[in-house]
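Chemist: There's a structure below that I have some questions on.
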Amino acid sequence: MNVLEHFKRALCSVSNNLSRSMLTMLGIIISVASIICVLCVSAGGSARIKSEMELVGSERFFIYSEGDILSKEDALIPAAATQKITAYSPMNTASLNASGPGAESINCTVNGVGGKYAEIEKIELARGRWPASEQAYEAVITNSMAEHLFGTSDALGMSFLLAGKSLCVCGIIDDGSLIMTGVTPYRCIIGIDAFNGILNVSGVQELIFRTEGISLSDAEQIACKAIEAATGKRGIKSYNMTAEINMVNQVLNILTGILVSISAVCILCGGIGVMNVMMLSVKERTKEIGILKAIGAKSSQIAAQFLTEAMLHSLLGGIMGVPLGALAAFFLCSFSGIEFILSASTVCAAVIITCAAGLFFGLYPAVKAGGMKPIDALK
Numbered sequence: 000m001n002v003l004e005h006f007k008r009a010l011c012s013v014s015n016n017l018s019r020s021m022l023t024m025l026g027i028i029i030s031v032a033s034i035i036c037v038l039c040v041s042a043g044g045s046a047r048i049k050s051e052m053e054l055v056g057s058e059r060f061f062i063y064s065e066g067d068i069l070s071k072e073d074a075l076i077p078a079a080a081t082q083k084i085t086a087y088s089p090m091n092t093a094s095l096n097a098s099g100p101g102a103e104s105i106n107c108t109v110n111g112v113g114g115k116y117a118e119i120e121k122i123e124l125a126r127g128r129w130p131a132s133e134q135a136y137e138a139v140i141t142n143s144m145a146e147h148l149f150g151t152s153d154a155l156g157m158s159f160l161l162a163g164k165s166l167c168v169c170g171i172i173d174d175g176s177l178i179m180t181g182v183t184p185y186r187c188i189i190g191i192d193a194f195n196g197i198l199n200v201s202g203v204q205e206l207i208f209r210t211e212g213i214s215l216s217d218a219e220q221i222a223c224k225a226i227e228a229a230t231g232k233r234g235i236k237s238y239n240m241t242a243e244i245n246m247v248n249q250v251l252n253i254l255t256g257i258l259v260s261i262s263a264v265c266i267l268c269g270g271i272g273v274m275n276v277m278m279l280s281v282k283e284r285t286k287e288i289g290i291l292k293a294i295g296a297k298s299s300q301i302a303a304q305f306l307t308e309a310m311l312h313s314l315l316g317g318i319m320g321v322p323l324g325a326l327a328a329f330f331l332c333s334f335s336g337i338e339f340i341l342s343a344s345t346v347c348a349a350v351i352i353t354c355a356a357g358l359f360f361g362l363y364p365a366v367k368a369g370g371m372k373p374i375d376a377l378k
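Mapping the sequence shown onto numbering that gives the first Met the number 0, position 318 (from 1) lands on 317, and the numbers just tick up by one.
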């Protein structure tokens, strides 16, 4: 009896007991669908997060001082030292109270920046413009902040109080355009001099640079040495987003592994269901096994037949689970606004795993069927 004959007989057995076979495959279908769904959504989410973080951080670095205070003029020094620095900006950050007409005050993250900040961060405004100068008491705020302060996101030209100072809204940014807006939805960007005037401070917390055609480590080294040499300031340090990007990648990989492991438990449960049904099938077909052995069928042939049936249950369950999981992932990705990614390797891996589960859990019933003695089976 060849492999094709085993497959034909297994297919007949499955079709003859279609209701029971479908219930048997249900666990496999659900588990494969969940794995496909998790991997698709995870791949799409990872691709989006990585692209956003790399877009912002792959060519950007920061300089700060652990000693002498930086000034915004210090940003000019590295730009003069190398043409590989394409944009630069000072930046101060603080958490301040903001209030609008008739609205409760909120705590928002405020960035005081230079004129090239938008170029460095690659931020596009949804409406309006950037502050006319670094001294202007004008602000770019997020949609969420505008809706809270004014009850509408169309807040251009409206005024609000920031730490007791009146500012005019000149631009609106979509919440998703800024990193970390999910954590701090109320964001406000103003000129560096306006920021220092509101808080009555001087100096700069950090300088931001965007590079092109040079590694970040080389650019950081050039920038730090140039500032120290030109100003005599000490304690000049630098950092970039590489470590943060790697950490996000690790977290995403761990999270995906956990979710896939949970889904894999479902495959084990589905495999146990296949084994139970195959044990029942062995019991129901005891006389058939006895007759086959009596007419010369080998134990290996009997075992191979039942093993093929177990693998067929798992294979069909996997094949039906793939489109179901892909459909669920498609709707989730569409709802979440992320890219739907389904690779051939994911589909192949899911099908191979289900076949392996069928082989593993079908082995015991197959061996038991093949080990029956003809005289006992025909009683």
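Each residue gets a CB set at the ideal place from its N, CA and C atoms; glycine is no exception.
Given the structure is predicted, the values throughout are model-derived calculations rather than measurements.
Just the C-alpha distance for residue 271 and residue 249, rounded to the nearest angstrom, thanks.
Modeler: Computed Cα separation, rounded: 33 Å.
Chemist: Do residue 133 and residue 73 have their beta-carbon atoms positioned less than 7 Å apart in this structure?
Modeler: No.
Chemist: Where does the unbroken beta strand (DSSP E) through residue 171 begin, and where does it stop?
Modeler: First-last of the beta strand (DSSP E) with residue 171: 164 to 172.
Chemist: If we call anything under 7 Å between Cβ atoms a contact, is residue 67 one with residue 236?
Modeler: No, the Cβ-Cβ distance between residue 67 and residue 236 is not below 7 Å.
Chemist: What number of angstroms, rounded off, separates the C-alpha of residue 210 from the C-alpha of residue 101?
Modeler: Approximately 44 Å, taken between the alpha carbons.
Chemist: Measure the CB-CB distance between residue 365 and residue 296 and report whether it falls below 7 Å.
Modeler: No, the Cβ-Cβ distance between residue 365 and residue 296 is not below 7 Å.
Chemist: Mapping DSSP to helix, strand and coil, what is residue 146?
Modeler: Note: residue 146 maps to helix in three-state DSSP.
Chemist: Across the stretch 112 to 124 and the stretch 80 to 93, are there enough close Cβ pairs to call them in contact, namely three or more that are closer than 8 Å?
Modeler: Touching, yes, given that three or more Cβ pairs across the two stretches are closer than 8 Å.
Chemist: Which runs of the alpha helix (DSSP H), 4 residues or longer, sit entirely within the stretch 215 to 243?
Modeler: Listed in chain order, they are 215 to 230.
Chemist: For residue 429, does the count of other Cβ atoms within 10 angstroms reach 16, so buried, or fall short, so exposed?
Modeler: Here the chain covers residues 0 to 378 and nothing more, so residue 429 does not appear.
Chemist: Does residue 137 come out as helix, strand or coil in the three-state DSSP assignment?
Modeler: Three-state DSSP puts residue 137 in a strand.
Chemist: Between which two residues does the beta strand (DSSP E) containing residue 160 stretch?
Modeler: It spans 158 to 161 - the beta strand (DSSP E) in which residue 160 sits, taken as one unbroken run.
Chemist: Assess contact between the stretch 301 to 320 and the stretch 279 to 289, defined as three or more Cβ pairs (one per stretch) separated by less than 8 Å. Is contact present?
Modeler: At 8 Å Cβ cutoff, the stretches touch.
Chemist: Expressed to the nearest angstrom, what Euclidean distance is found between the alpha-carbon atoms of residue 202 and residue 75?
Modeler: Looking at the two C-alpha atoms, the distance is approximately 15 Å.
Chemist: Determine the direct distance from the alpha carbon of residue 62 to that of residue 71, and round the result to whole angstroms.
Modeler: Those two C-alpha atoms are separated by around 11 Å.
Chemist: Going by CA-CA distance only, name the one from 324, 215 and 245 that's closest to residue 262.
Modeler: Checking every option, the nearest Cα to that of residue 262 belongs to 324.
Chemist: For residue 105, which residues from the same chain have a beta carbon less than 8 Å from its beta carbon, with the 5 sequence-adjacent residues on both sides left out?
Modeler: Around residue 105: 96, 97, 98, 144, 147, 148 and 185.
Chemist: Which same chain residues end up closer than 8 Å to residue 321 when comparing Cβ atoms and leaving out the 5 residues on each side of it in sequence?
Modeler: If we look at residue 321 and ignore the five residues flanking it on each side, its Cβ neighbours are 31, 32, 35, 346, 349 and 350.
Chemist: Please name the residue or residues paired with residue 185 in a DSSP beta bridge.
Modeler: DSSP, once it has assigned bridges, lists no residue as partnering residue 185.
Chemist: Would you mind working out which of 136, 344, 77 and 300 sits nearest residue 368, comparing C-alpha positions?
Modeler: The option with the nearest alpha carbon to residue 368 is 300.
Chemist: Hey, quick one: how far does the beta strand (DSSP E) through residue 205 stretch, first residue to last?
Modeler: Residue 205 -> beta strand (DSSP E) spans 205 to 210.
Chemist: At the level of alpha carbons, what is the spacing between residue 107 and residue 319?
Modeler: Each residue's Cα considered, the two are about 50 Å apart.
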